[in-house]
Amino acid sequence: MYYTAARSGDYFNSTVNTSLFADGVYNLTIYANDSAGNLNATISWYNITFDNTKPNNVSNANASQIDNSNYTGIFIFNVSAVDATALVATVIFNVTYVNGTQNASYTAQRSGDYFNITINTSQFPEGRFNISVIVNDSANNLNNTLYIGNLTFDNIVPNNLSNANTSILSGGNYSGSFVFNVSALDATVGMQTVIFNVTYVNGTQAQNGSATTTRSGDYFTATINTSLFLEGRYNISIIANDSLNNLNTTLLILNLTFDNTVPNNVSNANASHVATGNYSGTFVFNVSALDTIAGVNTVIVNITNSTSSQNASYTAARSGDYFNVTIVTTQFPDGRYNISVLANDSAGNLNNTFYLGNITFDNTKPNNVSNANTSIISTGNYSGTFVFNVSALDATAGMGNVIVNLTNSSGGQNASYTAARSGDYFNATINTSNFPDGRYNISVLANDSAGNLNNTFYLGNITFDNTRPNEVNFTNSSFISFANFSGVIFINVSALDATAGINTVYVNITNATAVVQNATYTASKVGNIFNVTVNTSHFVDGRYNITVWCSDATTSDAFPCSCTREDNVSGIQSTSESSDSPDNLARPSTTGSFIYTCTVTNHAGISTTRTAGYRITQGGSSVGGGGGGGGTSSTSDYKRTITVSEKLNKEGISVNKQLAEKERIKIEVVESSSVSGGGGGGTSTHYVGIKDIKNNSVVIEITSNPIIVELFVGEEKKVDLNNDDIYDIKVKLNSIINNNKADLKVEYIREALPQEVTPPVEESIEEEEPVVEQEEEEISVKKSYGWLWTLLAVIIIIIIIIVLIMTRAPKKRFY
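Counted the way this note's numbering counts, the sequence shown spans residues 677 to 1491.
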């Protein structure tokens, strides 16, 4: 293409529009013609490039450097740019704020078709930036299409990295799975990830576990299962990265304990606190608990009632490995409760295996503490051995023990007895001979099983007297041995007893030759003098003995306890007597059949005991031997009755039975004709029962008319059942089996009672008093011997007549 240049002075110009040409390489030649037509073509330009296309293929050479990316520190920004015609001349990188203000401009370094710059983000304020790229080719064609927007420059680590769980602390104890939560902020690029590292505390920092958290807003959580770790101590470190990998490792939680074992050795530290125990007032409940890993944290003591409703909960106070609570039982209604213990270690592991069931809280003292012996009363008088019996009840815990204290009149304690229990009754056997004669008080301390005390029962001013009345003398100087009396005589006796005082004086008159008691008088009292009036005409002429029995206020001498055999070795040291009557040995006021016991002890300490049955009825004042006795036996006394089908109607027929206490047999006995009114014997029903089994003897009751005897092993007793002077049965104790059964033999016999001859007995005209009828080893009825005296008188008269006739008859003379 030719262009004619326009002239301006000596200058000629021509405008070439390269766009009219295809991009490429051209030559330019200048032809100058003067007016004469001379041509000058010496000026030429070769390889001139016409390029009207801007550089192409301008692109980001780093795939990670994109819009909205985040950068920190120094990074290299790299682009590729190609220009096929004139080639790329320069590449300019402009860094501007997102608001359009330029902050920096970089000329890129070339490497082939790649152009890069190094950007140090720390030279910029933290924030968001845009990067624009301007690519120029050699023809100055510009390509500014490459633009990366909203880049973040951030050189500050995440801040506000903190523990969001106030319960997850250094030194804490944990078990099972727990959620660990932290908060982390980054104001520029925002948080990217938070890593939880779990390491041992042994200094090796060997990582045991790592967890990537779950994000929720500014909070990052990880669930840590402690059961995946060995029990022990660990550290947890937190690595918080923002989007530019700025790392914050400042949060560290040290010395955490992972423990999944419950506390062991949880046990009762009070041996006295047991299931079914009874408690009152305030008591300290103490348990021991150990945990070798995390240590025991808390011990909770729960109290629930018998229906399992919780009544109270206590946090125990700690002292080493022991945990105790003080329980005030008065804050609870009396009743039964359960105590359960919850032992938590510091990691929250629970041991709830310890349990005390059915314990009783009782703060009510025993009630109904009363005297069960109506004969044991204040101001009463006692000697020998007596059984003191009280009843005591406790509705909640039940009775524990009953203490009987014996104190003298000055208040000093002389003895203390723990009473033996039988149901709701408690008894103590008191031997008054162990105490000096004098006045005493009896106090009863009734404790229930929870230790509540009732001490309201008190018997005051009772007298112990084991000294027989002294200074017993006839005040009639004419009453001497071998004296002679006729008509009505007055017997006066003085008697003193310094302790209990004289109760009764009996005057017995017995035949001197037959030693048979003829009469008994109860003396009337005037001061210390006791007198009786005796009409001698009521007695057959003869010799008699007068014996005075003085009974003080503590004894009854109906059964004088003595030894009829001599002890050639050591002699008799002491005797003691007692009765199972409610009156014991006091003056009888209770009717019925009872057992009298006499114990004789020699100086060697060897004792022998014998018993006799007797019956108290309301009758005359004379004292004499009795038969079977009257009265009835209560069926309710026995818990079992065994009926014997075979009748006892022939000698040699017997019944053998093994009976326990309160058991009896029912027998049919054919009695003599006197019972049935002649014409043969009649049949009657009787019972043989066991009242008491001792170590080597048994107390037996034979009814209908009660007869009570004590038999030792091998001993037997003959019994007249109907007072016809004929023994009907014989009872023998074969053996005692296992201390709880008596092996008895009951045999039918027909044997007459031995007969005795006695002079007539005068009936004493005295005030009617209870009669003591004594059963000896063999029961007999005394008979009158009047016919014998008559026979003797007749014989004597006949002898006298014969003598007189013989002396007066004429003598024969022998020539």
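The C-beta atom is built at its ideal place from N, Cα and C for all residues, glycine as well.
Source: prediction; values computed, not measured.
Please report the distance separating the alpha-carbon of residue i from that of residue j.
{"i": "Ser964", "j": "Val972", "result": "10 angstroms"}
{"i": "Asn1168", "j": "Ala1091", "result": "41 angstroms"}
{"i": "Thr1284", "j": "Ser1373", "result": "12 angstroms"}
{"i": "Asp862", "j": "Gln785", "result": "34 angstroms"}
{"i": "Gly1494", "j": "Tyr955", "result": "Residue 1494 lies beyond the stretch modelled for the chain, which goes from 677 to 1491, so this question has no answer here."}
{"i": "Val1346", "j": "Thr1359", "result": "4 angstroms"}
{"i": "Asp1113", "j": "Ile1106", "result": "14 angstroms"}
{"i": "Arg1012", "j": "Met1075", "result": "15 angstroms"}
{"i": "Ala1023", "j": "Asn841", "result": "16 angstroms"}
{"i": "Tyr722", "j": "Tyr702", "result": "7 angstroms"}
{"i": "Val975", "j": "Ser985", "result": "20 angstroms"}
{"i": "Asn709", "j": "Val771", "result": "55 angstroms"}
{"i": "Ala1418", "j": "Ile1318", "result": "14 angstroms"}
{"i": "Val1470", "j": "Ile1156", "result": "33 angstroms"}
{"i": "Thr1209", "j": "Ile1165", "result": "6 angstroms"}
{"i": "Lys1367", "j": "Lys1338", "result": "6 angstroms"}
{"i": "Asn812", "j": "Ala765", "result": "5 angstroms"}
{"i": "Leu827", "j": "Ser853", "result": "41 angstroms"}
{"i": "Phe1158", "j": "Tyr1220", "result": "9 angstroms"}
{"i": "Phe961", "j": "Phe999", "result": "8 angstroms"}
{"i": "Phe1030", "j": "Ala951", "result": "11 angstroms"}
{"i": "Asn1043", "j": "Asp1070", "result": "6 angstroms"}
{"i": "Ile1492", "j": "Met867", "result": "The displayed coordinates of the chain run from 677 to 1491. Any statement about residue 1492 would go beyond what the structure contains."}
{"i": "Val938", "j": "Ile912", "result": "23 angstroms"}
Could you please give the first and the last residue of the uninterrupted beta strand (DSSP E) stretch that includes residue i?
{"i": "His1214", "result": "Careful: His1214 lies outside any beta strand (DSSP E) and carries neither H nor E."}
{"i": "Gln785", "result": "Gln785 to Ser787"}
{"i": "Val674", "result": "As shown, the chain starts at 677 and ends at 1491. That puts residue 674 outside it, with no answer to give."}
{"i": "Ser808", "result": "Gly803 to Asp813"}
{"i": "Leu930", "result": "Leu928 to Phe934"}
{"i": "Phe896", "result": "Tyr895 to Asn901"}
{"i": "Ser1330", "result": "Ser1330 to Leu1335"}
{"i": "Met867", "result": "Met867 to Tyr876"}
{"i": "Val1001", "result": "Tyr998 to Val1004"}
{"i": "Ile1116", "result": "The sequence given here has Tyr at residue 1116, not Ile. Where Tyr1116 is concerned, the enclosing beta strand (DSSP E) stretches over Gly1114 to Asp1124."}
{"i": "Leu861", "result": "Ser853 to Leu861"}
{"i": "Asn1398", "result": "It is not in any beta strand (DSSP E) - Asn1398 carries neither H nor E in the DSSP assignment."}
{"i": "Ser1016", "result": "Gly1011 to Asp1021"}
{"i": "Lys1421", "result": "Lys1417 to Ala1428"}
{"i": "Asn1077", "result": "Met1075 to Asn1084"}
{"i": "Thr794", "result": "Tyr790 to Asn796"}
Could you name the residues of the same chain whose beta carbon sits closer than 6 angstroms to that of residue i, not counting the 5 residues immediately before and after it, in chain order?
{"i": "Asn796", "result": "Ile750"}
{"i": "Ser1499", "result": "The requested residue 1499 is not part of the displayed model; the chain covers only 677 to 1491."}
{"i": "Lys1406", "result": "Glu1392, Lys1394, Glu1423 and Ile1425"}
{"i": "Ala898", "result": "Phe856, Phe872, Ala887 and Thr889"}
{"i": "Thr925", "result": "Ile915"}
{"i": "Asn716", "result": "Ala708"}
Pick helix, strand or coil for residue i, following the three-state DSSP scheme.
{"i": "Gly685", "result": "coil"}
{"i": "Val1389", "result": "coil"}
{"i": "Thr1277", "result": "strand"}
{"i": "Ser1059", "result": "coil"}
{"i": "Ile844", "result": "coil"}
{"i": "Met677", "result": "coil"}
{"i": "Thr1189", "result": "coil"}
{"i": "Ile750", "result": "strand"}
{"i": "Asn1179", "result": "strand"}
{"i": "Ala1469", "result": "helix"}
{"i": "Thr1036", "result": "strand"}
{"i": "Asn1103", "result": "strand"}
Please return the same chain residues whose Cβ sits closer than 7 angstroms to the Cβ of residue i, not counting the five positions on each side in sequence.
{"i": "Phe1008", "result": "Asn987 and Phe1037"}
{"i": "Thr1308", "result": "The predicted model places Thr1308 with a pLDDT of 38, which falls under 50 and marks its position as unreliable; any figure quoted below should be read in that light. None."}
{"i": "Tyr1314", "result": "Lys1338, Glu1339, Arg1340 and Gly1365"}
{"i": "Thr1040", "result": "Asp1010, Thr1072 and Asn1128"}
{"i": "Val1389", "result": "Asn1372, Leu1409, Ser1411 and Ile1412"}
For chain B, find out if any of its Cβ atoms is closer than 8 angstroms to the Cβ of residue i; answer yes or no.
{"i": "Met1075", "result": "The question asks about chain B, but that chain is absent: this structure has only one protein chain."}
Among residues of its own chain, excluding the 5 on either side of residue i, which ones have a beta-carbon nearer than 8 angstroms to its beta-carbon?
{"i": "Lys730", "result": "Asp759, Val811, Asp813, Asn817, Leu818 and Asn819"}
| task | Could you tell me whether the stretch 841-861 touches the stretch 819-829, where touching means 3 or more Cβ pairs closer than 8 angstroms? | result | Contact between the stretch 841-861 and the stretch 819-829 is absent, because fewer than three Cβ pairs lie under 8 angstroms.
| task | Please confirm if the stretch 1178-1185 is in contact with the stretch 1128-1136, defined as three or more CB-CB distances below 8 angstroms between the two stretches. | result | As far as the Cβ criterion goes, the stretch 1178-1185 does not touch the stretch 1128-1136, which means the pair count is below three.
| query | Would you call the stretch 1075-1085 and the stretch 1054-1062 in contact, with 3 or more CB pairs under 8 angstroms? | reply | In short, these stretches do not touch, since the Cβ pair count stays below three.
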